[in-house]
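First up is the structure itself, then whatever we jot down about it.
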Amino acid sequence: MEKILILDDDDVFTSTLSTILMRKDLFVNVASSGAQAVIMAESTYHDYIVIDLKLKDDSGLTWIPILRYLNPLSKILILTNYSSITSAIIALKKGADNLLQKPVSADNILFNLRNEITSLKNDKDSLFSYPSLEQIEWEYINKVMDDHFGNISASARALNLHRRTLQRKLLKKNIPKL
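All the letters of the sequence shown, read from the start, carry residue numbers 54 to 231 under my numbering.
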């Protein structure tokens, strides 16, 4: 079940939005202040964070980098009554993924949530496609060997290995002695 954190001080809006999202089988946390949002983000990982740009005491922009730090893979959506290019650029630079102008329909938010959650799942899947340490080691050894024109002694010194250790590694990979 995807988890969503909503940071907005408009009680009517958050109540309506959270009810609609919960009916769609999404877990919803609602915070009316940035401090509350931080506490919730520290205790629970959220797949998606919705932040109102203008809060009573603060700007939603203040909380973007903090919440991004606490939930680095979360998708962050900014909602604003005052959509200006400047605020959009600042929000994106601070780590927001998207910006919607209020009034916004629940369907529009759900559409954006679904797109971002699908994107999030793809991002999580791609985490497991990074090369292994062995692959990285071999890329580095090959680069050093190329830099030293295949000279094992010079390559071993550059890699801070004994020549025999490098030769054994090469033999394990079926690379003949040069």
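In this text, a Cβ means the ideal position worked out from N, Cα and C, and glycines have one as well.
Report the partner residues of Asn-82 according to the DSSP bridge assignment.
-> Within the sequence shown, numbered from 1, the residue matching residue 82 stands at position 29. In the DSSP output, where bridge partners are listed per residue, Asn-82 has Leu-58.
Take every Cβ of the region 61-74, pair it with every Cβ of the region 133-152, and state whether three or more of those distances are shorter than 8 Å.
-> no
Can you name, in chain order, every residue of its own chain whose Cβ lies under 6 Å from the Cβ of Val-103, other than the five neighbours on each side?
-> Start at 1 with the first residue of the sequence shown, and residue 103 comes out as number 50. The answer, listed in chain order, is Ile-59 and Leu-130.
Three-state class that DSSP yields for Leu-126 in the structure shown | By 1-based counting over the sequence shown, the position of residue 126 is 73. Reduced to three states, the DSSP call for Leu-126 is coil.
What is the rounded straight-line gap between the Cα of Asn-82 and the Cα of Ile-143?
-> Reading the sequence shown from its first residue, position 29 is the one you call residue 82. Reading the sequence shown from its first residue, position 90 is the one you call residue 143. So the two alpha carbons sit approximately 25 Å from each other.
So, are the CB atoms of Tyr-98 and Asn-124 less than 7 Å apart?
-> Position 45 of the sequence shown, counting from 1, holds the residue named residue 98. Position 71 of the sequence shown, counting from 1, holds the residue named residue 124. Contact: yes.
Residue range of the unbroken beta strand (DSSP E) whose run includes Val-103 | Working through the sequence shown from its first residue, we reach residue 103 at position 50. It spans 101-105 - the beta strand (DSSP E) in which Val-103 sits, taken as one unbroken run.
Spatial neighbours of Leu-219 within its chain, please: CB distance less than 7 Å, with the 5 preceding and 5 following residues excluded, ordered by chain position.
-> As a first step, residue 219 is located in the sequence shown; it is residue number 166 there, counting from the start. Contacts found: Ile-205, Ser-208, Ala-209 and Leu-212.
Tell me which same chain residues have a C-beta within less than 7 Å of the C-beta of Asn-161, skipping the five on either side of it?
-> Taking the sequence shown and counting its residues from 1, the one referred to as residue 161 is at position 108. Cβ neighbours of Asn-161 beyond the five flanking positions: Leu-153.
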